[in-house]
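Beneath this line is the structure, given in structure tokens, with notes to follow.
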Amino acid sequence: MGKQSVDDILQQGIHGKKEIKPEERRKFLGTLRERIIVALTQSQVRESGVYQEVEEQMRRNPAAHLLLNGKMNYSELSKYVKLASRHNIKHTMVANKEHVTDIGLVLAMDHAIDKEEIYITKKVEEIKEKTKEKKGLFSAFGKIFGK
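The following block contains the structure:
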């Protein structure tokens, strides 16, 4: 990079260092979307059990880094911290007090991988299917007993 002008130095002092895609970094716990292997929302992290897709990606990508939303309770995150430790993956608790994000967990690399689909939706779909089945059962009783 060439020499900075006095104006550039003053602007950096007033506004802080320039960032590439600051909104994207705030949303994805400090990393860029192009580096993400897999991401979970806060509600997905709160679910009981661990997403097998996350564990599989940790196994496949030992150089990955796990970023956890520091605004969530540690008790909700601990299962993923233990999983990361088991696979020798570094983890960081990220707490941005200036921005709110629905992302609870991000497994990312230190370089771009440009993965098309980073979100896991399987468990949410399974829950929706189970509720549909229950509704179907109750509606069948309603039809039988002349609702």
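Numbering of the sequence shown is given in the working numbering, commencing with residue 1 and proceeding in unit increments. C-beta atoms are modelled at their ideal positions from N, C-alpha and C, and glycine is treated no differently.
Rounded C-alpha distance that separates V54 from K115
Cα to Cα, V54 sits roughly 14 Å from K115.
Looking at C-alpha atoms only, which residue of I14, N96, G104, L83 is the closest neighbour of N73?
Measuring from the Cα of N73, the nearest candidate turns out to be G104.
What are the boundary residues of the alpha helix (DSSP H) that includes V38?
That residue, V38, is in no alpha helix (DSSP H); its beta strand (DSSP E) goes 36-41.
Work out the CA separation of V94 and G70 for me, nearest whole Å.
5 Å
Starting from the Cα of R86, find the closest Cα among S75, E98, D102, L66 and give me that residue.
L66
By a C-beta neighbour count over all protein chains shown, 10 Å radius and 16 as the cutoff for buried, is Y119 buried or exposed?
Burial call: exposed.
Determine the DSSP secondary structure at G13, reduced to helix, strand or coil.
Of the three classes helix, strand and coil, the one that applies to G13 here is helix, per DSSP.
Cutoff 6 Å; reference K79; Cβ partners in own chain excluding five residues on either side:
V50
Please list, in chain order, all residues of the same chain as D102 whose beta carbon is under 7 Å from its beta carbon, the five residues on each side excluded.
T41, Q42
With burial defined as no fewer than 16 other Cβ atoms inside 10 Å of the residue's Cβ, what is the status of I89: buried or exposed?
buried
A95 lies in the beta strand (DSSP E); which residues open and close that run?
Careful: A95 lies outside any beta strand (DSSP E) and carries neither H nor E.
Determine the direct distance from the alpha carbon of S5 to that of T92, and round the result to whole angstroms.
36 Å
By alpha-carbon positions, which one of I36, E23, T31 ends up nearest to H99?
E23
What did DSSP end up calling L66 once you bin it into helix, strand or coil?
strand
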